[in-house]
Structures are given as C-alpha cells and as structure tokens.
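Novice: Got a structure here, written out as structure tokens. Questions coming.
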Amino acid sequence: MGEILLHNTLTSSTERFVPLHAGEVRMYTCGPTVYDYAHIGNYRTFVFQDILRRFLKSRGLRMKHVMNLTDVDDRIIQNAAEKGISIFDYTAQYIQAFKDDMNALSCETPEHLIRATDCIEDMVALIERLEAKGMTYRSDGSIYYRIAKFPDYGKLSKIDLSGIQAGARVEVDRYEKADARDFALWKSPKPGEHFWETRIGPGRPGWHIECSAMAMKFLGDTLDIHTGGIDLAFPHHENEIAQSEAATGHPFVRYWLHAEHLIIDGEKMSKSLGNFYTLRDLLKKGHKPSTVRYLLASVPYRRQLNFTADSIQQAASSVERLRNFVARLREGKFPAGNNAAMQKRAKEAIAGFEAGLEDDLNTAVALAAIFDLVRDVNTAMDRGEFRQQDAVPVLDAMNKFDEIFAVLEDNDASKLRALGFASASEELTAEQIEALVAERQQARKQRNFKRADEIRQELADRGILLEDTRDGGIRWKKK
RNA sequence: GGCGCGGUACCCAAGUGGUAAGGGAGAGGUCUGCAAAACCUUUAUACGUGGGUUCGAUUCCCACCCGCGCCUCCA
Numbered sequence: 104m105g106e107i108l109l110h111n112t113l114t115s116s117t118e119r120f121v122p123l124h125a126g127e128v129r130m131y132t133c134g135p136t137v138y139d140y141a142h143i144g145n146y147r148t149f150v151f152q153d154i155l156r157r158f159l160k161s162r163g164l165r166m167k168h169v170m171n172l173t174d175v176d177d178r179i180i181q182n183a184a185e186k187g188i189s190i191f192d193y194t195a196q197y198i199q200a201f202k203d204d205m206n207a208l209s210c211e212t213p214e215h216l217i218r219a220t221d222c223i224e225d226m227v228a229l230i231e232r233l234e235a236k237g238m239t240y241r242s243d244g245s246i247y248y249r250i251a252k253f254p255d256y257g258k259l260s261k262i263d264l265s266g267i268q269a270g271a272r273v274e275v276d277r278y279e280k281a282d283a284r285d286f287a288l289w290k291s292p293k294p295g296e297h298f299w300e301t302r303i304g305p306g307r308p309g310w311h312i313e314c315s316a317m318a319m320k321f322l323g324d325t326l327d328i329h330t331g332g333i334d335l336a337f338p339h340h341e342n343e344i345a346q347s348e349a350a351t352g353h354p355f356v357r358y359w360l361h362a363e364h365l366i367i368d369g370e371k372m373s374k375s376l377g378n379f380y381t382l383r384d385l386l387k388k389g390h391k392p393s394t395v396r397y398l399l400a401s402v403p404y405r406r407q408l409n410f411t412a413d414s415i416q417q418a419a420s421s422v423e424r425l426r427n428f429v430a431r432l433r434e435g436k437f438p439a440g441n442n443a444a445m446q447k448r449a450k451e452a453i454a455g456f457e458a459g460l461e462d463d464l465n466t467a468v469a470l471a472a473i474f475d476l477v478r479d480v481n482t483a484m485d486r487g488e489f490r491q492q493d494a495v496p497v498l499d500a501m502n503k504f505d506e507i508f509a510v511l512e513d514n515d516a517s518k519l520r521a522l523g524f525a526s527a528s529e530e531l532t533a534e535q536i537e538a539l540v541a542e543r544q545q546a547r548k549q550r551n552f553k554r555a556d557e558i559r560q561e562l563a564d565r566g567i568l569l570e571d572t573r574d575g576g577i578r579w580k581k582k
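Position 316 of the first sequence, counting from 1, maps to 419 under the working numbering, and the rest follow consecutively.
And the structure:
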C-alpha cells in the first residue's frame, strides 16, 4: 500500500494525506439543506465523500465523520409557514427522504448526522467567542462578522475582495451591514418567523456559523478533512475558516476537498432548463440505484460529470458486467486445484485498484484495474485455465473493490421497494421461478424448444432473465 | 471583468516528453437448439485551434476559441 494523495483546495496542490491523530480521521461534510428533495448533483458530492470515507476505512483508519443537516434557513421558514406547519415537521420529511436516498445509494451514515437546530447553543457560544474577540458587530438585532478584521480572508478561494467591494452586484438586503462583504452570524427574527431566545438575543443562526460550530463541537479545533461541492468554497467555506480560526487561533481544516459539479447533457442543471433531477426522478424512469451510484462514483471527483441518457445506460451495462463476473465466480464449475497465475493476477488487480484510489481517488484508474482482472479471468475460464480454488482470491479482489464501490450486491429491488417504488410486475417467489426453470429444463431435454422458449419469455416478461450455462445448468437473475 | 476546472475515438473516461488505459456502443467471428453471458478481432496517425521550446509534445510555455463553475447563502 502506498501513501494516500489528496488534492487540497487550500494549497492548490495534491498532498500526502496524514491524519493529525494517528489512526483516526476527523472529517466534516456539508450536508443538505432539507427544504426539498436533494437532487442528483447533490448526490454526486455525497457519493464522492462516501467513496472517500470507505477508502480511508479500508486503510484501517477510524472515521470520526460529521455531516450536518441544515434544517433552518430562509426557504425552510417560508415553505413551512406557507404550509402552516413547524419548521421541525417540515424538515423532518426531507431529512427522512435524504436518509432513504443515501441508503438507496449505499452511502454509509456518518458517525454524526446532526440537525443544525440541535446545536443552537454551540453556535451561540461560538458567536460569543467571536464577539469577545471583537470580530463582530450588531445591527438591528443581527450580528455580523467583520471580514476586515480577518486578514487571511480569501485564502481558500483566492478571491480578490476588492472586486466585490467595488462590484455593483452586491444587493443591499434587508439587513444593514457595515460592509457588503460581511456576513450574518445571527439573524434577528422578522415578525412571525421562527426564532430562538438566547443569550445573544432572539433570532436564528446564519448558515456559515452552523458548520463551524458543529464541526468543532464534534471534531475539535482542527479537522483533517472538510468536503463539499466546489460551489461552497466561496463564500461558505471561506466564511467557516474566518469564523473558526478567528475564534480558536488554530488552523480549522488541514485538507479541503471539493467535488466538481454534475452537469446534464453538457448544461448546468437547473429547474428553468427542465433538466433538474432528484434521485427519485431517475428511479421512476427505471434506473437502478446501483447504476446511479456507479455512474456518480466512476468519474473522478475533480472532473465535471456530464450526466446523459447514454452515460447512465453505460453505467448500467458496466455494473451488469461486474455482477455477471461475480456470479460466474461463485456458481461456475471449474476443474479442481489452483492456478498460481490467477492468484498473482488477483493480487495485481488489488494493487492497481488501490493505487488508483491512492492517487486522489482516481476511480477511473481503479476501475480499469478491476475490469482488466475481469477480462483476464473470464479469458482463463473460457480456456479452461481457471481452477476451482482460484475463485477465492479473485472473489477477494472483487470484495475489496466492492468495499469501496458497493454496487455488486443485487439488492436494487429491495432498495426500490424501500423508497416506495413497487415493481411493475408482481414478484415471483424463488419457488415459482425454480419450478418454471425446472419445467424448461425438462422441455429442453425433450428438445421441445418451443415450450422452453415460451417459459423463458414468460419469465423475462416478469423481470427474470435466464442464462444457460456451459455446464448445462441455468442461472437466473433479476432484470 | 476577476478567480478556478475542463476540452482525448460514436459516448463516458485514464494517461505520459518518445507516437494513446479501461468501460459502453457498433461491426465481424467463436461458443450455443436459439438466446444470454463470455472470449477473440476491429473502431484515435490534427489528443480544441494557432504559435513556441525540444532530436521529439497530446504531455512544457504563450495566445486564442469553446464548455462549466464561483464572484453573498447554489453540492
């Protein structure tokens, strides 16, 4: 195993990753704002961070990983008010939807998945620290961060503040700020708005303070890794740095990792263009959760991912190839014994796979190593050079792959059911399928191919594909 | 305008100063009762365009064109 390289936005370079605390990774991911269903672009970032945490875990590192759920912001307050329900109830449904989606995409749950509103006290305390250090000012009951007092401002995004200062684009919103660049730490409530009564007055937290407070609450002053979409680098992450480092005097994050955006058919995804998809939209179209995960994971995270009808179809085919391979390994009949070349080949594949991931999570290279193995082993099988005992090391390699990619298990149907998508055709029980398979085998023996094909078609219509194997057996799988 | 990422075959996508991984799709073939799966063969000689450096550049430098993102709350 080589060293792990990660690209750090802060330094604009790819660096060797070494956790601050041996054996443990303290990581923070900006979670969703739960005002609606998350879209497929959101999940690009979440699948990326899942690949990252799975990879780090596979290296024996213990994860201390926090993800926030932003469950209070302007849209949430407005939408909840329109529906006449509390923001808690309003967001609860989307938090559940988010968890369900993440589960469908086989994304592991971080050690701490926390509602922002459960950490108001921590945010208040952090704002107090900033006030004590003279980093803030009050205006109309709101509290702002005075960027001019933080000389390092802009070091993450390399933004030139003079441009903003002079720019005409900054709107004067309803809050009175001393400087257009300043941002709200605490917002005073408007009439009828949800607010918290606190030591710093009534109101609600600004977006940026959430993440600083929650990250440091669970992970300490300095985190190893902070992930998010590239769009968050400015201003959100820049503001997190300003808040956290001004309060503690310590570096906030050692490695900043940003995922590039997903675009649709070469265009930005947006509601106005009509190319805006949630995960459920895709599942409704008949795509499998594993297909979506594979597609999102297969393009290296620092590259824009162009999502097209073609690319998702390609992902489906690729997963199918991998699953077919594993089924062949598990069910195939091979001559007894072992072939040293196969053992060696499996080890090489693992090494190649890991080398790809080590290189800033280059999933494309990692996948190539696995597909090379698939082809070579299939070839060996066809030539009769593959032995029964070789299945173990090769399966071991595939398991190592799936520890990270998590697409091999054929559990799409149950995941779809969990999300409330009933399969169109009624489910056949394994017994019913076996009975039909047996009948077809009988028909084939009698060379009654008409009946055999009828049965195969009948099963196909109900989502079951039959494959006759070389050794005269049959294997079936769900479509 | 400023900052950033990218432009590689039909599609997705690696990669290196010495003439291009992998996947998908297509075509032909092997196997099979037929299919499916699998395998084999095949698909880039302008690696966005134009210059430059070099014995040699897709890979380095410069310019330009195009796509996408950020520039106050969007992953």
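All residues carry an ideal CB built from backbone N, CA and C; glycine is no exception.
So, helix, strand or coil for F410, using DSSP?
Specialist: Of the three classes helix, strand and coil, the one that applies to F410 here is strand, per DSSP.
Novice: Helix or strand or just coil, what does DSSP make of A362?
Specialist: DSSP places A362 in strand when its eight states are reduced to three.
Novice: Tell me whether the segment 429-439 and the segment 483-501 touch, counting them as touching only if at least three CB pairs, one residue from each stretch, are closer than 8 Å.
Specialist: At 8 Å Cβ cutoff, the stretches touch.
Novice: Rounded to whole angstroms, what is the Cα-Cα separation between D463 and R424?
Specialist: Answer to the nearest angstrom: the Cα atoms are 26 Å apart.
Novice: If you pair each beta-carbon of the segment 328-335 with each one of the segment 296-307, do three or more pairs fall below 8 Å?
Specialist: Taking 8 Å as the limit for Cβ pairs, the verdict is that the segment 296-307 does not touch the segment 328-335.
Novice: Going by DSSP, name the residue or residues bridged to F286.
Specialist: According to DSSP, which records beta bridges pairwise, F286 is partnered with Y248.
Novice: Inspect the beta-carbon positions of K167 and E231 and report whether they are closer than 7 Å.
Specialist: Not a contact, by the Cβ cut-off of 7 Å.
Novice: Buried or exposed for R119, going by 16 or more other Cβ atoms inside 10 Å?
Specialist: Exposed.
Novice: If distances are taken between C-alpha atoms only, which option among S420, R490, G309 comes closest to P438?
Specialist: Of S420, R490, G309, the residue nearest in Cα terms is R490.
Novice: Using alpha carbons as the reference points, say which of L159, A458, T482, Y138 lies closest to A200.
Specialist: Ranking the options by Cα distance to A200, first place goes to Y138.
Novice: Provide the residue(s) that pair with H142 in DSSP beta bridges, ordered along the chain.
Specialist: Partner(s): T381.
Novice: Under the rule that 16 or more other beta-carbon atoms within 10 Å means buried, what is E348, buried or exposed?
Specialist: Buried, because 16 or more other Cβ atoms sit within 10 Å of the Cβ of E348.
Novice: Less than 8 Å between the CB atoms is what I'm expecting for V468 and M445, so what's the real figure, rounded?
Specialist: So it is not a contact: roughly 22 Å between Cβ atoms.
Novice: What are the complete beta strand (DSSP E) segments, minimum 3 residues, inside the segment 160-199?
Specialist: With a minimum length of 3 residues, the continuous beta strand (DSSP E) runs that stay inside the segment 160-199 are 165-172.
Novice: Would you kindly work out how many angstroms separate the C-alpha atoms of A533 and L382, rounded to a whole number?
Specialist: A533 and L382: Cα-Cα distance of roughly 29 Å.
Novice: Based on the DSSP output, what are the partners of W310 in its beta bridges?
Specialist: DSSP, once it has assigned bridges, lists no residue as partnering W310.
Novice: Considering only residues of the same chain and omitting the five flanking positions on each side of S116, which have a CB-CB separation below 6 Å?
Specialist: No residues qualify anywhere along the chain.
Novice: List, from N- to C-terminal side, the beta strand (DSSP E) runs of 3 residues or more that fit wholly inside the segment 476-515.
Specialist: Taking only runs of at least 3 residues, no beta strand (DSSP E) segment lies wholly in the segment 476-515.
Novice: So what does DSSP say about D462, is it helix, strand or coil?
Specialist: In the structure shown, D462 sits in a strand (DSSP, three-state: E or B).
Novice: Taking 8 Å as the cut-off, does the segment 134-153 touch the segment 373-382 (at least 3 CB pairs, one atom from each stretch)?
Specialist: With a cut-off of 8 Å, the segment 134-153 and the segment 373-382 count as touching, because enough Cβ pairs lie within range.
Novice: Considering only the beta carbon of each residue, do I303 and M226 sit closer than 7 Å?
Specialist: For I303 and M226, no; Cβs fall outside 7 Å.
Novice: Please classify E512 as buried or exposed, where buried requires at least 16 other C-beta atoms within 10 Å of its C-beta.
Specialist: With fewer than 16 Cβ atoms within 10 Å of its Cβ, E512 is classed as exposed.
Novice: Return the residue from the list I179, A336, E457, I333 that minimises the CA-CA distance to Q196.
Specialist: Nearest option by C-alpha distance: I179.
Novice: Using a Cβ-Cβ cut-off of 8 Å (strictly less than) and excluding sequence neighbours within five positions of D334, which residues of its own chain qualify?
Specialist: The residues are H364.
Novice: Contact between the segment 280-293 and the segment 235-255 is defined here as three or more beta-carbon pairs at a separation below 8 Å; is this criterion met?
Specialist: The segment 280-293, when compared against the segment 235-255, does touch it at the 8 Å Cβ threshold.
Novice: What does DSSP give as the partner residue(s) for T330 in the beta ladder?
Specialist: T330 pairs with T132, L360.
Novice: CB-CB under 6 Å to H340, same chain, minus the five flanking residues each way: which ones, in chain order?
Specialist: Same-chain partners within the cutoff: L259.
Novice: Where does H124 land, buried or exposed, given buried means 16+ other C-beta within 10 angstroms?
Specialist: Result: exposed.
Novice: Please state the DSSP three-state secondary structure of N586.
Specialist: With the chain running from 104 to 582 in the structure shown, residue 586 is simply not present.
Novice: For S401, report the span of its alpha helix (DSSP H) as first-last.
Specialist: First-last of the alpha helix (DSSP H) with S401: 392-401.
Novice: Just list the residues that DSSP pairs D571 with in beta bridges.
Specialist: Answer is I577, bridged to D571.
Novice: Using CA coordinates, which residue listed in T301, I190, G323, I223 is at the minimum distance from H353?
Specialist: Checking every option, the nearest Cα to that of H353 belongs to G323.
Novice: Taking the alpha-carbon positions, what's the P213 to V169 distance?
Specialist: One C-alpha to the other measures close to 6 Å.
Novice: What do you get for P122, buried or exposed, if any count of 16 or more other CB atoms within 10 angstroms of its CB means buried?
Specialist: With 16 or more other Cβ atoms within 10 Å, it is buried.
Novice: Taking the alpha-carbon positions, what's the D574 to G435 distance?
Specialist: In a straight line, the C-alpha of D574 is about 8 Å away from that of G435.
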